[in-house]
Amino acid sequence: MKKRGDDAGRWMRLRAFIVGALLLALFATVLGRAAKVQLLDRSRLSRLQRDQTKRELEWQPRRGLIADRHGDPLAITQDVDSIFADPTAFESAPAREVAAELLAKALRTDRKKVLSKLVSDQQKRFVWIKRRVDEPTALRVRALALDGVELVKEPKRFYPQRELAGHVLGFVGEDAGQEGLERELESYLHGKGVSVPATRDARGAMVLEHGAPDVSELTGATVTLTLDSAIQVVAERELTRAVTAAHAAAGFAIVLDVNSGAVLALASNPLFDANKPGRDPGVWRNRAVQDQLEPGSTIKSFLISRALEEDVLKVDEQIYCEHGAWKHLRRTLHDTHPVDWATPATVLRESSNICAAKIGERLGKDKLIAGLRAFGFGEKTGVGLPGEGRGSLRDPARMPEIAVDTTAFGQGMSATGIQTVAAMAAIANGGVLLRPYLVEKIVAPDGTVLLSNQRTEVRRVLRPETARLVTAMLEEVVHKGGTGTKAALSDYRVAGKTGTAQKVDPVRGGYSEKRLASFLGFVPAEAPRVAILVVIDEPEGKGVAVTGGTVAAPAWGAIANETLRQLGVMPASVREQVPLLVASLDGARIPMDLTHQDLKQFSASEKIGQGLDLQATKLPTGRALVPDLAGLAARSAIRKLAERSLEPEFKGSGRAVAQSPRAGSIVKRGARVRVTLAPP
Amino acid sequence: MIKSAAAGSRVARERSLKPALRYDPVLLGAVLLLTMSGVVMVYSASAVYASARLGDGLWFFKRQLAGAGLGLIGLLAVMKFGYQRLERLVVPLVFLSLALLVAVQFPGIGHAAGGAKRWLRLGSLTFQPSEIAKIALVLWLSRSLARKQDRIAIFSVGFLPHLIMLGVFAVLLLLEPDFGTTVVLAAVTFGLLFVAGARLTYLAAVIGGAVPVVGFLVWHSRYRLQRVMTFLDPWKDPQGHGYQTVESLLGFGAGGATGVGLGDSHQKLFFLPAAHTDFILSIVGEELGFVGVAVVLALFAVLVWRGLKAAHASPDAFGCYLAIGLTLLVSLEALVNAGMALSLLPTKGMALPFLSYGMTSVVTSCLAIGIVLSISGGSGGFLKRATGARQ
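Protein chains in written order, with this note's numbering: chain A, 250 to 929; chain B, 37 to 427.
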């Protein structure tokens with residue numbers, strides 16, 4: 250019994266041992282399997298696992314801001330909603346169709362179009378339904394709360410001022426600037442896309458391990474333009490008015506600061522809203538910079554400038570203008586206003602082609618072409634817009650005689666608007682051709698200045714004396730009897746020149762009935778601030794009705810008047826009443842307008858200068874006493890402040906109700922006094 | 037004063053030395069470690085899922101913690117209670133668990149999930165009767181085998197009754213259906229019969245006869261067949277039927293030797309279904325690497341070792357069989373679960389004892405080891421003295 254029991258016990262121990270050993274062997278097997286999976290297959294499996302969880306999340310670049318010279322935004326970037334779907338999220342075909350139906354309704358689009366997007370890419374888990382939708386649409390889609398349909402924010406370009414400076418700004422295509430500054434400054438504006446490692450969960454949600462990139466990392470540089478929105482508004486408004494009134498095809502206008510070369514306004518018509526660029530490149534074209542046109546009579550200003558400069562023409566010389574018709578070189582030249590004998594000033598005033606041709610011949614091929622080149626014709630100004638035209642001038646070596654005559658009155662050559670106005674600015678500022686520029690500065694988000702434009706002299710074209718003489722002549726153009734009287738302003742002295750060019754018929758060759766009416770000039774003549782060009786393309790009508798003096802000059806005057814007001818330039822009448830101000834404003838600069846009548850004023854201002862000294866003795870040097878302005882009208886307030894060499898700054902209209910600094914304070918001479926006006 | 041104090045300390049020393057420790061500290065330590073790492077891993081694996089689905093990242097963690105606490109209290113209680121006293125409760129427990137297994141089938145009381153009726157609802161708690169049934173069956177087998185020691189070799193006495201009882205449980209479990217638990221219980225039953233001395237020919241015949249039955253069950257059920265096919269090549273359809281297995285393997289692979297770090301699993305971000313229940317080992321593998329998996333498997337191996345040591349220490353046959361049966365039960369469950377997670381076995385709904393989320397599971401696993409612990413306190417006898425020692 251005992252033996253049997255021992256035997257059975259031994260067997261049982263053995264069997265228990267076998268069970269234990271078997272279990273441990275199985276655990277060892279599992280452990281071995283774990284070792285294979287985790288140690289040997291590791292790289293393959295972990296790569297597969299990374300593929301399903303790791304994603305690079307792309308952050309789209311944000312275009313930088315474009316603002317006018319005062320910082321008012323012209324082009325901004327805002328986040329708007331884009332709609333995408335996961336076509337695999339729909340459990341059945343009917344569910345997909347219902348979703349398509351609802352989406353189509355919310356998007357105000359065709360059901361089939363939406364459905365095809367939800368069906369076509371069934372393998373893909375991502376498909377755009379509609380990108381960059383407006384807010385109401387986004388709200389409608391969000392309200393549907395469809396599974397598998399999501400919204401995501403994407404940056405979109407907006408032009409808050411709509412058409413304002415549309416041609417200058419251009420627009421942005423799918424990814425990059427397509428036209429205008431958006432295209433020219435692409436590398437600055439574009440910003441930088443950033444991709445950030447993210448972990449994806451099986452439901453598609455992303456987790457950013459290092460957080461989202463800072464917006465400043467993505468944003469492009471801020472571009473500050475030289476444009477002044479207020480002046481641009483006026484230029485566009487007046488241009489549109491003129492184009493409409495003349496039933497013209499198109500037009501453009503440029504306002505240029507003659508002392509710096511900064512472009513204050515650059516307008517083209519028909520207008521263009523960059524928010525809705527459309528597909529017609531003709532509408533996008535910046536005519537003022539891209540179109541190369543025969544300038545016509547406006548060229549005579551430069552012709553006479555160069556003739557005076559080269560001493561082939563005297564200021565008081567009389568030239569015979571053939572009484573309106575001159576048979577010359579087997580052709581007959583005509584003048585619209587027949588003239589017999591004329592001084593250079595009269596040639597400009599009456600815009601005689603015949604005398605211009607004669608002056609051109611005096612200069613000769615080489616000096617004529619070289620002179621116009623000196624003014625910048627035939628070369629790009631580099632204003633900083635894409636597609637700028639170069640214009641064309643004849644090659645003096647291969648130029649027929651008759652081409653000298655036609656070039657002298659602006660035919661057989663071509664120029665862009667920006668070239669022409671820059672050339673006029675050279676006369677205005679005393680003879681220096683400046684490079685026109687549109688971009689004042691470009692600043693990176695971190696504050697680094699990437700680009701900064703300033704007054705850049707290209708070359709001296711005229712001696713200051715010559716410039717002054719020509720200015721005086723150009724002033725006569727708007728005086729009674731001149732061709733540009735409609736550009737005259739009541740408060741400011743205007744110097745300018747009309748232009749009425751025949752347009753070349755591109756089909757038949759030769760000149761057509763179509764005209765290009767323009768006015769080119771600057772104000773105030775005695776201390777020029779801005780040069781302005783207005784060009785009206787193909788005004789409707791015949792004869793005088795389509796001349797620059799009729800079609801372009803009124804718009805020119807309106808733009809000039811408002812520009813000066815915006816720039817705070819005192820009307821001449823005020824300055825004559827308050828000669829002290831002239832002295833203080835012009836300061837060290839010697840007035841350039843040394844014409845017969847200005848010589849008187851120059852001596853007058855010298856006297857005033859002495860008066861200033863006398864007054865200054867009562868107060869510490871360079872100090873002024875702030876006067877009491879209460880109850881005064883703006884004009885009287887200006888006068889009172891001007892007597893003390895103080896600068897006014899007005900708010901509102903009516904009579905002065907408040908001022909800062911207070912009356913009786915002693916401030917630096919030239920300081921600004923803010924005056925609040927209110928209707929009485 | 038001093039004398040009596042010295043005498044007191046001597047008494048204390050003798051008491052602590054003589055009967056050695058009443059319970060196996062290694063086994064207790066292994067269970068505590070497993071239970072606590074279970075709570076931690078359930079939290080890690082379920083937090084994201086729970087906050088997304090239930091709005092409370094701690095939902096599973098809190099329940100698992102409660103389960104672990106309850107389980108450990110139960111473990112200590114059973115340990116103190118002593119396995120001998122359980123003998124009287126065996127028959128009522130068997131009837132109770134059979135009744136519960138039947139109750140599961142009734143829609144009003146039973147609670148179905150994922151196509152299987154495995155749960156009973158008690159208020160807000162759900163409860164899995166098969167967990168109790170497992171222990172009840174092992175208790176019954178141990179008692180029966182202990183009583184029939186001499187007659188084990190006789191077919192009608194030592195073999196058939198156990199097979200019939202297994203059959204009754206198996207039928208009820210297959211009705212749920214719960215194929216995995218059935219297979220584990222069958223394995224435990226045969227393991228016990230083998231140890232107790234059943235004839236190998238009978239065992240071989242039954243196992244041989246079971247093969248076509250299992251084959252039929254697999255072939256007959258579409259999802260079981262699918263699982264077997266998937267098991268043979270999970271990569272054939274990684275987005276479909278092989279998805280769970282593939283995602284599990286990706287987790288193990290990504291973990292490598294030392295893991296991506298506790299809490300840093302990516303697979304639990306909805307890639308791996310049932311990450312906090314059946315596939316928790318994959319999360320262990322991903323976060324703690326091969327090292328973590330090896331530690332878990334080693335702890336189970338310790339369970340096997342100390343469980344069999346407890347069987348050795350049992351003074352009587354009932355305790356001996358009970359220790360072996362419960363050790364088999366817990367370790368086989370662990371093996372099936374680990375094998376499934378590592379694609380060694382077809383995917384089965386089988387919890388990893390102590391680690392997988394599930395209050396019933398963790399409590400019953402603790403109770404099972406509590407019983408083994410109460411056996412471990414014995415100073416041996418049955419296996420040493422063999423059959424003659426029967427009282």
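Here a beta-carbon is modelled for each residue, glycine too, at the ideal position from N, C-alpha and C.
Discussion item. Taking 6 Å as the limit between beta carbons, can you name the residues of its chain near A:E811, skipping five residues before and five after?
Written reply: The answer, listed in chain order, is V483.
Worksheet item: How about B:K384 and B:F215: are their beta carbons less than 9 Å apart?
Response: Judged by beta-carbon spacing, B:F215 lies within the 9 Å limit of B:K384, meaning their Cβ atoms are closer than that value.
Item to complete: My understanding is that A:G313 touches A:T468, with C-beta atoms under 8 Å, so please give their C-beta distance in whole angstroms.
Response: About 6 Å separates the two Cβ atoms, so the contact holds.
Worksheet item: Going by Cα to Cα distance, which pick from A:Q751, A:K752, A:V727 and A:D754 is closest to A:V743?
Response: Looking at A:Q751, A:K752, A:V727 and A:D754, the one whose alpha-carbon comes closest to that of A:V743 is A:V727.
Discussion item. I want to verify the contact list: residues of chain B whose CB lies under 8 Å from the CB of A:G631, in sequence order.
Written reply: Taking a Cβ-Cβ cut-off of 8 Å, A:G631 has no neighbours in chain B, whose nearest Cβ is about 56 Å from it.
Practice prompt. Could you give the DSSP three-state label for B:S73: helix, strand or coil?
Written response: Three-state result, B:S73: helix.
Discussion item. With the cut-off set at 9 Å, would you say B:K304 and B:Y85 are in Cβ contact?
Written reply: Contact check for B:K304 against B:Y85 passes: the beta carbons are separated by less than 9 Å.
Practice prompt. State the DSSP-derived secondary structure class of A:I915, mapped to helix, strand or coil.
Written response: In the structure shown, A:I915 adopts extended strand secondary structure according to DSSP, grouped into three states.
Worksheet entry | In DSSP terms, what A:V398 is bridged to | BP columns for A:V398 point to A:A334.
Worksheet item: Touch check for the region 795 to 812 of chain A and the region 762 to 781 of chain A: three-plus C-beta pairs under 8 Å?
Response: Verdict: yes, contact present.
Discussion item. Quick check on DSSP: helix, strand or coil for A:A461?
Written reply: If DSSP states are grouped into helix, strand and coil, A:A461 belongs with coil.
Worksheet item: Are the C-beta atoms of A:F339 and some chain B residue less than 9 Å apart?
Response: For A:F339, the answer is no, since every Cβ of chain B falls outside 9 Å of its Cβ.
Discussion item. Strictly by DSSP, which residues pair up with A:W308?
Written reply: Its beta-bridge partners are A:V443.
Discussion item. I need the DSSP call for B:D214, collapsed to helix, strand or coil.
Written reply: Residue state for B:D214 is assigned as coil, using DSSP reduced to three classes.
Item to complete: Using a Cβ-Cβ cut-off of 9 Å, state whether A:V445 counts as contacting chain B.
Response: Not closer than 9 Å to any Cβ of chain B, the Cβ of A:V445 fails to qualify, so no.
Discussion item. At 3 residues or longer, what runs of the beta strand (DSSP E) sit wholly inside the region 723 to 766 of chain A?
Written reply: Here the runs fully enclosed are 744 to 753.
Item to complete: Scan the region 292 to 318 of chain A for residues whose Cβ lies nearer than 9 Å to a Cβ of chain B and list them as they occur along the chain.
Response: Shown in chain order are the members of the region 292 to 318 of chain A whose Cβ falls below 9 Å from a Cβ of chain B: S292, R293, L294, S295, R296, L297, Q298, R299, Q301, T302 and K303.
Worksheet item: Is the beta carbon of A:A716 less than 9 Å from the beta carbon of A:S554?
Response: Yes. Within cutoff.
Worksheet item: Any Cβ of chain B within less than 9 Å of the Cβ of A:G397?
Response: Judged by the 9 Å Cβ criterion, A:G397 is not in contact with chain B.
Discussion item. Please classify A:A461 as buried or exposed, where buried requires at least 16 neighbouring CB atoms within 10 angstroms.
Written reply: It is exposed - the Cβ of A:A461 has fewer than 16 other Cβ atoms within 10 Å.
Fill in: chain A within 9 Å of B:V11, Cβ atoms only
Because chain B spans 37 through 427 in this model, residue 11 of chain B falls outside it and cannot be assessed.
Worksheet item: Quick one: which chain B residues come within Cβ less than 7 Å of A:R953?
Response: The shown model of chain A, from 250 to 929, leaves out residue 953 of chain A, and the question about it has no answer.
Fill in: Boundaries of the beta strand (DSSP E) in which A:A905 is found, first to last residue
From DSSP, the beta strand (DSSP E) with A:A905 extends over R904 to S909.
Worksheet item: From B:G103, B:F97, B:R58 and B:S379, pick the residue whose C-alpha is nearest to that of B:V264; which is it?
Response: The shortest Cα separation from B:V264 among B:G103, B:F97, B:R58 and B:S379 belongs to B:S379.
Fill in: Inter-residue Cα distance where the pair is A:T274 and A:F266
It is worth fixing the name first, because residue 274 of chain A is Ala in this sequence and not Thr. Between A:A274 and A:F266, the C-alpha separation is close to 12 Å.
Item to complete: Measure from the C-beta of B:Q303 to each C-beta in chain A and report whether the shortest distance is under 9 Å.
Response: Yes - at least one Cβ of chain A is within 9 Å of the one on B:Q303.
Item to complete: Take A:G609 as the anchor and find which of A:L557, A:K629 and A:P694 has the nearest alpha-carbon.
Response: Out of A:L557, A:K629 and A:P694, A:L557 has the C-alpha closest to the C-alpha of A:G609.
Discussion item. For a cutoff of 9 Å on Cβ pairs, would you count B:I243 as touching chain A?
Written reply: It does not: the Cβ of B:I243 has no partner Cβ on chain A nearer than 9 Å.
Worksheet item: Is A:I568 helix, strand or coil by DSSP?
Response: For A:I568, the secondary structure class from DSSP, reduced to helix, strand or coil, is strand.
Item to complete: With 9 Å as the threshold, decide whether the Cβ of A:I267 is near any Cβ in chain B.
Response: Yes, because at least one Cβ of chain B sits closer than 9 Å to the Cβ of A:I267.
Worksheet entry | Inter-residue spacing [alpha-carbon to alpha-carbon] between A:E340 and B:M376 | Straight across, the Cα-Cα distance linking A:E340 with B:M376 is about 30 Å.
Practice prompt. Evaluate A:G860 with the Cβ neighbour count: other Cβ atoms within 10 Å of its Cβ, from every protein chain shown; 16 or more gives buried, anything less gives exposed.
Written response: Residue placement at A:G860 cannot be trusted, given a pLDDT of 36 that sits under 50; what the coordinates show is reported in the next sentence. Around the Cβ of A:G860, a 10 Å sphere holds fewer than 16 other Cβ atoms; the residue is exposed.
Worksheet entry | Beta carbon proximity, A:F375 to chain B, threshold 9 Å | Taking Cβ atoms only, chain B never reaches closer than 9 Å to A:F375, which makes this a no.
Fill in: 7 Å CB neighbourhood of B:T218 in its chain, flanking five on each side removed
Result list for B:T218: A206, L209 and L210, in chain order.
Worksheet item: Given a threshold of 16 other Cβ atoms within 10 Å of its Cβ, counted over all protein chains shown, does A:F420 qualify as buried or as exposed?
Response: Looking at its Cβ environment, which holds 16 or more other Cβ atoms inside 10 Å, A:F420 is buried.
Worksheet item: Closest Cβ-Cβ distance between A:F420 and chain B: below 9 Å?
Response: Nearest CB-CB separation between A:F420 and chain B: not below the 9 Å threshold.
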